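Novice: Residue numbering for the sequence shown follows the numbering used here, beginning at 1 and increasing consecutively.
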Amino acid sequence: MVVDPPTDVGAPPPTLVVGGTGHVGAALCLHLAGRGRRVVATSRRPSPGFGHPGIEEARLDLHHPTDDLPDDLEPSTAVVSPWVIEGEADPEWLDRLLENLVGTGLRTVVSFSTVWVYGDSLAGTVTEATEPMPSNAYGAAHLANERTLERTAGRLGLDVAVFRMTNLVGADPFHAPRSRREGAKVSFTHDLAAMALHDDRIVLRSPPSTERDLLARGLLHHRIDGLLARPTIPGRYEAFNVGGGQTTTMGEFARTVADAASRYHGRPVAIEHPDDQAGLPAFDLDSSRIEEVAGPHPNDLAHEVSLVIEDVLAAGGGNR
């Protein structure tokens with residue numbers, strides 16, 4: 001791994017964002033840098049460019065997570081963002097990376113997980129005490145990361161927090177180049193917005209009454225700020241539910257996206273969907289523990305959707 005440009009002598013320890021050019025990580029890097037932190041964003045390939053003097057980039061191959069890791073990187077905090085499935089990395093990449101970084105000063109780790117570690121069919125009130133029972137590879141991969149972090153917190157003396165996140169809604173600084181790269185994944189909100197702007201319709205894969213707890217990017221960043229501001233306790237491991245604080249339905253959210261697109265191009269946007277099914281489960285994700293740490297903050301989905309619309313338009317996704 002090669003860091004470019006080199007860190008400044010005497011500068012405060014950087015925050016390392018593993019997966020720092022992805023949909024979640026890129027915006028977080030810009031947010032942290034905007035708050036005055038030095039940030040090193042790692043990824044398998046170079047970004048299109050952050051354009052911020054507080055952000056450095058480093059190549060990191062998770063098949064070889066400690067190769068050429070510079071001794072002078074010395075992060076005090078690491079945010080672990082990527083979802084890694086079998087075959088995409090060394091099976092022990094997270095163990096090996098953290099063991100290496102502890103030797104250079106790492107003390108705090110925040111890892112992004114998912115509420116889908118609880119399973120596909122959330123029902124009732126879901127708290128951190130709810131037993132994880134993932135039912136697909138996505139949830140299982142995240143739970144494997146959680147188990148690794150729980151073991152290493154005590155063994156390495158790290159202060160570890162896991163964010164079990166709901167679906168994130170917000171702008172992507174690199175949406176335009178990402179959307180043009182074959183096989184690259186874009187967020188589901190960007191996908192809905194592109195349909196609304198291109199085709200004047202949104203096609204849902206889920207029945208419209210399907211419940212979702214959606215997380216505005218601004219609220220996620222507020223909660224990360226609050227967590228990073230608390231005193232470090234070596235050996236602490238905590239998992240937090242991180243949602244928007246209330247449930248909506250896929251039909252209601254699709255209408256929010258459709259209305260935002262209509263305000264741009266002046267045409268109605270239809271919403272197509274499978275038939276509703278009787279007895280779809282209702283759930284409530286309890287995010288009160290992270291709110292106690294970070295304090296309250298609005299979950300402004302409408303604002304985030306407007307930024308997503310701008311992303312899609314900038315990528316050439318508008319249908320005038």
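We treat Cβ as the ideally placed atom computed from N, Cα and C, and that holds for glycine. Everything numeric in this text was worked out from a predicted model, so none of it was measured.
Give the single residue among Ser288, Pro208, Tyr237 whose Cα lies nearest to the Cα of Thr249.
Specialist: Cα-wise, what sits closest to Thr249 is Pro208.
Novice: Does the segment 101-109 come into contact with the segment 223-235, if we say contact requires no fewer than three beta-carbon pairs (one atom in each stretch) closer than 8 Å?
Specialist: Short answer: they touch.
Novice: So Ala302 and Thr256 are supposed to be a Cβ contact under 8 Å. How far apart are they, rounded?
Specialist: The pair is a contact, with the Cβ atoms about 6 Å apart (cut-off 8 Å).
Novice: Counting only runs that start and end within the segment 86-142, where is the alpha helix (DSSP H) found for 4 or more residues in a row?
Specialist: Runs of the alpha helix (DSSP H) inside the segment 86-142: 93-102.
Novice: Rounding to the nearest angstrom, what Cα-Cα distance links Val3 and Pro274 in this structure?
Specialist: Here Val3 scores only 44 on pLDDT, less than 50, and its place in the model should not be relied on; the value that follows carries that caveat. Going from the Cα of Val3 to the Cα of Pro274 covers about 48 Å.
Novice: Can you name the start and end residues of the alpha helix (DSSP H) that Phe188 belongs to?
Specialist: First-last of the alpha helix (DSSP H) with Phe188: 188-199.
Novice: Using only alpha-carbon positions, find the residue among Leu220, Pro268, Gly243, Asp284 that is nearest to Gly25.
Specialist: Among Leu220, Pro268, Gly243, Asp284, the Cα nearest to that of Gly25 belongs to Leu220.
Novice: Pick out whichever of His63, Trp116, Pro75 has its Cα sitting closest to the Cα of Trp93.
Specialist: The shortest C-alpha separation from Trp93 is found at His63.
Novice: Do Leu28 and Val80 have their CB atoms nearer than 8 Å?
Specialist: No, the pair does not count as a contact, with Cβ atoms beyond the cut-off.
Novice: Give me the Cα-Cα distance between Glu128 and Ala270, rounded to the nearest whole angstrom.
Specialist: So the alpha carbons of these two residues sit roughly 38 Å apart.
Novice: With distances taken from CA atoms, which of Gly235, Val18, Met165 is nearest Tyr138?
Specialist: Out of Gly235, Val18, Met165, Met165 has the C-alpha closest to the C-alpha of Tyr138.
Novice: Just the Cα atoms here: how many angstroms apart are Asp284 and Pro132?
Specialist: Answer to the nearest angstrom: the Cα atoms are 16 Å apart.
Novice: Buried or exposed: where does Pro281 fall if 16 or more other Cβ atoms within 10 Å of its Cβ makes it buried?
Specialist: Pro281 is exposed by the Cβ-count criterion.
Novice: Taking the alpha carbon of Val17 as the point to measure from, which residue in Leu98, Gly244, Asp200, Glu291 has its own alpha carbon closest?
Specialist: Considering only alpha carbons, the answer is Leu98.
Novice: Since Asp333 contacts Ala196 with CB under 8 Å, what's their CB separation in whole angstroms?
Specialist: For the chain, the structure presents residues 1 to 320; residue 333 sits outside this window and is missing.
Novice: DSSP puts Ile202 in a beta bridge; with which residues?
Specialist: Per DSSP, Ile271.
Novice: Rank Leu143, Ser43, Asp61, Leu307 by C-alpha distance to the C-alpha of Ser187 and give the top, closest one.
Specialist: Selected option, being the one with the closest Cα: Leu307.
Novice: Helix, strand or coil: which one does DSSP assign to Asn145?
Specialist: Asn145 falls in the helix class under three-state DSSP.
Novice: Which same chain residues end up closer than 8 Å to His386 when comparing Cβ atoms and leaving out the 5 residues on each side of it in sequence?
Specialist: Because the chain in this structure spans residues 1 to 320, residue 386 falls outside the shown range and cannot be described.
Novice: Do the segment 238-254 and the segment 178-187 make contact, defined as three or more Cβ pairs closer than 8 Å?
Specialist: Contact fails: fewer than three Cβ-Cβ distances are below 8 Å.
Novice: Bridge partners of Ile55, per DSSP?
Specialist: DSSP output for Ile55 lists Val39 as bridge partner(s).
Novice: Between Glu150, Thr114, Thr125, which has its C-alpha nearest Pro322's C-alpha?
Specialist: Here the chain comprises residues numbered 1 to 320, so residue 322 is not present and cannot be evaluated.
Novice: Run through the DSSP bridge pairs and tell me what Leu301 is partnered with.
Specialist: Looking at the DSSP assignment, Leu301 forms no beta bridge with any residue, so it has no partner.
Novice: Report the partner residues of Leu330 according to the DSSP bridge assignment.
Specialist: Because the chain spans 1 through 320 in this model, residue 330 falls outside it and cannot be assessed.
Novice: Going along the chain, which unbroken runs of the alpha helix (DSSP H) with 4 or more residues stay wholly within the segment 217-246?
Specialist: With a minimum length of 4 residues, the continuous alpha helix (DSSP H) runs that stay inside the segment 217-246 are 217-228.
Novice: Bridge partners of Phe283, per DSSP?
Specialist: Answer by DSSP bridge pairing, in chain order: Gly124.
Novice: By the three-class DSSP mapping on this structure, what secondary structure does Phe163 have?
Specialist: Note: Phe163 maps to strand in three-state DSSP.
Novice: Measure the alpha-carbon distance for Met1 versus Val39 and round it to whole angstroms.
Specialist: In this predicted model, Met1 has a pLDDT of only 42, less than 50, meaning its place in the structure is not dependable; the value taken from the coordinates is given anyway. Cα to Cα, the separation comes out at about 16 Å.
Novice: Can you give me the C-alpha to C-alpha distance between Gly244 and Arg267, rounded to a whole angstrom?
Specialist: When rounded, the distance between both Cα atoms is 30 Å.
Novice: So who's on the other strand from Thr248, going by DSSP bridges?
Specialist: For Thr248, which the question treats as bridged, DSSP gives the partners Arg212.
Novice: Going by beta carbon distance, what residues of the same chain come within less than 8 Å of Asp191, once the five residues before and after it are set aside?
Specialist: So no residue of the chain qualifies.
Novice: Below 8 Å on the Cβ atoms is my contact criterion, and I expect Asp120 with Asn145 to pass it. Report the Cβ-Cβ distance as a whole number of Å.
Specialist: Contact flag wrong, Cβ pair sits at about 19 Å.
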